[in-house]
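Notes follow once the structure below has been shown.
Residue numbers (full-length UniProt numbering), protein chains in the order written: chain A, 1 to 400; chain B, 1 to 400; chain C, 1 to 400; chain D, 1 to 400.
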């Protein structure tokens with residue numbers, strides 16, 4: 001516990017400067033669905049001003065980038081974001097100052113998928129699910145997107161309902177068919193999730209399963225780590241380090257959770273965990289824009305306003321990153337090598353305990369951005385404007 | 001591990017006879033909402049034949065009773081089961097051979113309840129939530145129901161969102177107002193739930209909180225134990241024993257879960273746990289119909305057919321109860337007193353390992369019921385009939 | 001996210017001043033056993049300089065107070081800290097500048113307690129366990145201690161091993177006998193623990209059970225909340241708020257954990273949780289020395305040095321407390337009343353994100369204490385001195 | 001729910017006959033340490049008759065085989081089972097009718113291993129840990145053992161204490177050195193464990209990590225699945241199926257747990273889970289003695305008698321296996337293919353609900369074994385004899 005370690009000395013000053021450079025290059029991708037309505041199985045609350053179509057979602061996402069300068073891409077979700085002309089949507093995004101990011105498939109909202117998609121016992125349904133992914137590849141070609149993100153709701157609610165191993169074989173075959181259609185430079189990102197919506201068994205429940213499938217597919221397949229998709233008590237930064245070591249960490253879905261939910265604002269439940277995750281990223285030099293790790297948000301804002309929720313999510317990631325960048329790695333390595341348990345832990349905590357908000361103010365001001373993006377958005381009148389303008393039509397949600 | 005302990009000898013024969021008597025008196029209350037559509041936040045799948053109104057729900061519930069002989073009551077959920085004339089609905093139930101059971105309030109599906117109901121910071125919303133409960137008391141008067149079951153979705157998603165303690169005070173006041181309007185003989189049953197839909201804090205998260213409020217209210221307030229509403233690893237039979245010791249176990253909501261979901265068929269995830277729960281009930285002589293414990297199901301059938309799902313739920317509870325009734329309590333007490341850890345455990349396991357399905361066949365045949373209710377229903381043609389008949393209209397679900 | 005909220009303005013300045021006053025009055029009690037050897041079931045590692053007897057433990061504890069100024073009391077554990085003359089031990093403590101705090105009973109390390117102590121099926125063992133507690137009351141009389149802390153290892157490893165409810169009855173009777181012997185002004189503090197060392201059922205597993213027994217005993221019985229003793233995902237600050245509302249939070253056992261262990265340095269696993277706990281304390285005005293809440297550590301240092309481990313524990317509690325004291329309660333209440341979810345959360349986070357280490361430096365310097373207690377201890381030569389001096393004898397541990 | 005499915009008809013009769021054949025071939029390996037004293041960090045209770053040396057442990061293990069006929073091998077733990085002449089120990093085993101099974105290394109009980117063994121930051125300690133494993137290979141050569149079982153206690157208690165990724169690199173290098181010394185036919189079995197004794201991070205915490213290392217090592221490296229070593233809620237049978245699909249399930253360590261402990265009698269906490277695990281084994285035809293899966297127990301008996309505890313463990317595995325063998329796989333496959341959720345689940349449950357104890361009596365009687373091994377042992381007088389004979393000396397435990 002020494003204030004000085006992290007904040008003074010020429011080495012601390014160097015770290016601060018290097019942090020500013022790294023933070024300036026950092027980007028966080030936003031999910032289009034964060035701007036639509038969402039909720040629990042009990043209720044989806046609606047609020048005035050919610051987008052009615054993908055164009056409005058992108059406009060809202062662009063506000064987050066406008067005030068933070070760190071969120072230049074928007075992930076789409078198909079069919080929620082289906083439009084007639086994706087070229088036009090991409091142009092709209094460009095007009096708003098952002099780009100289309102990853103394309104997310106959706107093979108869980110059709111009655112056909114009641115017993116699964118790529119793992120379904122019925123070959124007709126499996127073929128349909130494969131086709132949907134090929135359609136997503138087309139969307140990628142039209143929007144310039146590089147990443148196909150695959151999250152499957154496949155699983156079982158009851159023991160015996162289907163054969164666990166046969167489903168893995170079907171999954172491998174379906175992924176193989178999709179992978180075969182990737183263009184060079186495209187990636188298939190396979191997400192895992194501990195549970196939900198399946199309640200007894202999930203077909204891609206853990207990083208080991210996702211990685212095994214990616215290894216079988218080839219170098220264009222990588223793992224998506226959603227911070228909310230682990231068993232209670234899982235050491236997520238360990239998984240991050242492991243996937244980086246295996247060279248297969250393709251993307252993050254950031255969010256946070258206290259229990260089993262997985263869509264709270266990233267950093268809201270356990271900011272120290274988020275810092276430890278970003279610490280493994282920095283330690284492995286994977287923050288670089290060309291590291292291949294896509295830092296995305298995957299969140300919903302059920303009861304809080306959506307654009308402010310996304311702004312806070314971005315600034316939370318920035319704060320955790322800034323702290324990770326301030327870790328005195330030489331002092332840390334020395335204490336670790338010496339077996340100084342409390343000393344090494346102390347070096348890490350010194351960085352975590354630092355108030356990095358002034359550093360981020362400096363970063364923003366150097367970029368001509370508002371010092372406080374949350375307050376600046378609140379004062380911009382945008383929320384009032386969309387509430388007044390977006391009258392009529394059907395608010396976007398998970399259904400469309 | 002001795003087959004003989006549980007199945008032979010005059011004392012085993014006596015236990016078997018006593019079990020038949022107890023099982024014959026056992027009743028399990030069905031939830032009307034189990035017969036409508038339900039699902040996760042990702043998708044609600046629909047199937048042909050699902051009821052369009054409360055009358056059809058009760059007709060379906062009556063099928064479960066017809067084939068099992070053990071499910072003579074149906075819980076209603078207001079406003080999902082709102083009808084113009086509850087007297088007529090009660091008469092319909094009587095015609096079908098069942099009765100109206102507990103009335104469940106619903107103060108989570110109106111936009112006003114975004115930040116809670118009885119705990120809401122806005123006194124107007126709190127008053128509205130109280131009024132809804134008073135309306136439920138009127139439904140009870142019209143239907144002859146004794147139990148008002150109160151489950152609140154109240155809670156917080158983010159730390160600081162509201163004041164934890166102030167919310168307890170508001171809750172106490174709201175419950176007090178409702179309790180004051182109970183007729184003699186009516187009960188207020190307060191359910192607790194570990195989490196969901198609130199993600200950071202739930203206002204009635206554990207049995208301790210529910211019990212404290214019941215004790216403050218008075219003798220007509222009791223705790224509802226939903227088997228799916230506990231933290232991972234909680235010893236539920238301990239809670240059952242504790243609430244029985246305190247004289248405040250008013251009802252069960254039976255269901256089961258593997259993770260955080262709570263609506264699978266009771267006994268599907270951990271049949272041994274269900275047996276241990278029923279063992280505490282039998283041990284405390286709380287199986288008696290006049291014990292004050294209402295054994296209810298609170299389940300949904302997202303991907304499986306609903307009437308068969310309820311039939312299996314009822315038979316699962318019967319099987320667990322039968323095993324609990326077969327425990328050789330003298331041998332158990334002797335082994336426990338002797339400190340014979342494995343011997344005592346062995347007595348319990350002997351009962352659990354017994355195949356009680358023949359005993360239940362005997363029970364049913366003595367009552368003129370089909371030996372296999374699940375198969376008998378499947379062969380009855382009812383499913384095909386409702387699928388053909390119930391065309392048009394709007395299938396019932398959580399929204400209505 | 002505004003730096004200014006928590007750190008500028010006259011109201012922020014007032015909060016800072018008030019925080020300094022409150023922090024100056026705050027005391028944290030140290031456990032004597034933190035200075036002896038400890039470990040897991042796999043291995044207890046030893047290090048040079050570990051105390052050989054209770055006198056040396058108290059001397060070490062006094063070092064923590066010497067450098068932090070915030071740890072003036074030491075809890076004892078009987079029989080680990082059994083001495084011939086407790087008056088002499090108390091005098092030694094006074095000489096070292098500290099006092100004897102709570103007395104912890106131990107009814108789990110005798111072969112007689114294999115199947116429990118106060119809940120044991122054998123009345124002879126139960127009587128022995130009661131007598132041990134009466135002996136502890138004598139130690140309290142000799143040392144001027146006010147608090148008898150009762151943590152029982154009682155529980156079951158296998159279902160059926162003993163009768164859950166009979167054990168509650170035995171527990172109630174044993175506690176009643178002990179409570180009856182309390183002097184005026186003495187308190188019986190009953191600790192609960194989710195699991196361990198019992199693996200199937202624990203006789204005091206949750207706050208509800210502990211509170212029920214305390215209510216039955218009378219006003220001198222209160223609950224101990226050990227921060228490491230909850231089911232995964234439990235909202236501990238909710239329990240704190242609930243026990244304060246019930247007027248029965250007698251003490252904290254501070255520590256932290258990632259999984260099921262419960263003896264890491266408090267604040268090491270989840271500093272945000274510790275802040276939220278202290279926030280409930282401050283919100284209920286229970287930080288006051290006369291609030292009746294005894295803030296104790298209950299930790300072990302298996303692989304790290306013990307005195308530095310305790311110093312960091314004390315400073316971690318101070319930092320969390322300082323942040324809780326800086327919360328702008330007026331702004332928080334206003335945002336909560338307005339239903340401003342993110343605004344209210346933001347007020348809380350502003351305080352959490354503040355670097356309070358400079359404030360604590362100011363606090364210490366005003367008291368003539370070293371600015372950095374951890375570094376000051378490291379530089380004091382004490383560790384080297386005890387390593388050199390404490391040669392021969394038997395290092396203290398959990399066995400003695 | 002039809003009694004008939006699993007127990008009548010010619011196909012049921014065929015399954016029964018096939019089950020008898022398979023059960024007769026099934027073997028379960030016993031851990032020598034189950035016969036010594038064990039306990040928690042709070043207390044190790046001792047009982048009369050506990051072995052004083054490896055010879056007596058093997059004699060006790062042989063009793064389990066004598067009464068069950070299913071436990072012909074004993075795993076050793078080095079150095080706990082270190083003897084001067086392993087050839088003599090193997091001959092003693094042969095005289096008793098059993099053989100030496102897997103050799104377990106132990107690199108966690110020396111002060112050098114405070115910060116880890118193969119992952120330790122100090123290269124001297126890493127080299128020492130490698131050497132210990134080479135010594136274990138020598139024991140294997142002397143005893144005819146095929147399997148080197150490696151479980152490492154390596155991990156971190158505090159964030160930052162050491163570098164997560166560097167530790168993986170050191171681990172890979174250490175394992176490589178050990179693997180290089182394997183004789184043809186020998187296997188290195190790498191066990192994973194979610195947590196304990198490390199509290200923040202474990203270096204081999206999950207099946208994914210273990211498998212990655214095995215894949216890097218080569219075909220003689222396989223994964224050990226300890227049923228007690230997973231995060232709460234993990235679907236263990238899924239992991240079994242996954243490791244079988246990958247061809248790398250080398251062995252089971254059977255035991256059970258309710259919370260975080262992992263050493264209760266297998267099947268004691270969740271017999272349905274054990275059945276589901278054995279169901280995946282049978283489904284993959286991995287029960288065959290030549291399947292390469294070594295079915296071992298890894299348990300301790302802290303409060304119950306040890307030989308009876310092992311006997312019950314063996315019979316529990318046999319009962320779960322028998323039920324898995326009785327599953328009507330044709331009916332199951334048909335229901336699964338038809339998407340009949342409840343039907344498929346029902347086929348599985350029919351087998352689970354069958355009382356297989358009569359089948360096991362038949363199995364034993366056909367082998368000339370006692371029908372009830374637990375009762376037969378109790379009546380044999382062996383327990384009384386060893387209690388009388390084994391006087392003096394030092395009871396074996398984890399320390400030796």
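For each residue, glycine too, the CB sits at the ideal point set by N, CA and C.
No experiment lies behind these values; they were computed from the predicted model shown.
| query | result |
| --- | --- |
| Enclosing beta strand (DSSP E) for residue 296 of chain A [first to last residue] | 294 to 297 |
| Through-space distance from residue 323 of chain D to residue 231 of chain B, alpha-carbon basis | 31 Å |
| Under 9 Å from the C-beta of residue 401 of chain A: neighbouring residues of chain D | An answer regarding residue 401 of chain A cannot be provided, because it is not within the stretch 1 to 400 covered by chain A. |
| Buried or exposed (CB count within 10 angstroms, at least 16 for buried), residue 365 of chain A | exposed |
| Heavy atom of the ligand FAD within 7 Å of residue 295 of chain C beta-carbon | Summarising the ligand content, the structure contains no ligands, and the ligand FAD is consequently not present. |
| Contact residues within the segment 292 to 307 of chain A, judged by C-beta distance below 8 Å to chain B | 302, 303, 304 |
| Residue 93 of chain C versus residue 81 of chain C: straight-line alpha-carbon distance, rounded | 13 Å |
| Test: residue 259 of chain A CB closer than 8 Å to a CB of chain B | yes |
| Where residue 237 of chain D falls: helix, strand or coil (DSSP) | helix |
| At least 3 beta-carbon pairs within less than 8 Å: the segment 297 to 304 of chain D vs the segment 262 to 273 of chain D | yes |
| Helix, strand or coil at residue 31 of chain D [DSSP, three-state] | strand |
| Residue 166 of chain D to residue 234 of chain A span [Cα, whole Å] | 20 Å |
| Proximal residues of chain C, C-beta to C-beta of residue 109 of chain D below 8 Å | 42, 43 |
| Closest residue to residue 64 of chain A among A:142, A:87, A:98, A:48 (Cα-Cα distance) | A:98 |
| Three-pair Cβ contact test at 8 Å for the segment 277 to 293 of chain A versus the segment 243 to 256 of chain A | yes |
| Per-residue DSSP class, three states only, for residue 117 of chain C | coil |
| Residues that residue 77 of chain A bridges to, as DSSP identifies them | A:104 |
| Three-state secondary structure (DSSP) of residue 248 of chain D | coil |
| Residues that DSSP places opposite residue 149 of chain C in a beta bridge | C:104, C:189 |
| Per-residue contacts from residue 432 of chain B into chain D (C-beta, under 9 Å) | The structure shown does not extend to residue 432 of chain B, since chain B spans only 1 to 400, so no value can be given for it. |
| Reduced DSSP secondary structure (H/G/I, E/B, other) of residue 369 of chain B | coil |
| Opening and closing residue of the alpha helix (DSSP H) in which residue 134 of chain B lies | 123 to 143 |
| Cβ pair residue 119 of chain D, residue 188 of chain D closer than 8 Å | no |
| 8 Å Cβ cutoff, residue 39 of chain A in contact with chain B | yes |
| Cβ shell of residue 177 of chain B (< 8 Å), same chain only, five flanking positions each side left out | 130 |
| Same chain only: Cβ atoms within 6 Å of residue 125 of chain D, ignoring 5 sequence neighbours per side | 112 |
| Beta-bridge partners of residue 202 of chain D, as assigned by DSSP | D:155 |
| Residue-level contact to chain C via CB, residue 341 of chain A, 8 Å cutoff | yes |
| Meets three-Cβ-pair contact criterion under 8 Å: the segment 304 to 323 of chain D and the segment 57 to 75 of chain D | yes |
| Residues that residue 256 of chain A bridges to, as DSSP identifies them | A:264 |
| Neighbourhood of residue 195 of chain B by C-beta distance below 6 Å, restricted to the same chain and skipping five residues each side | 202 |
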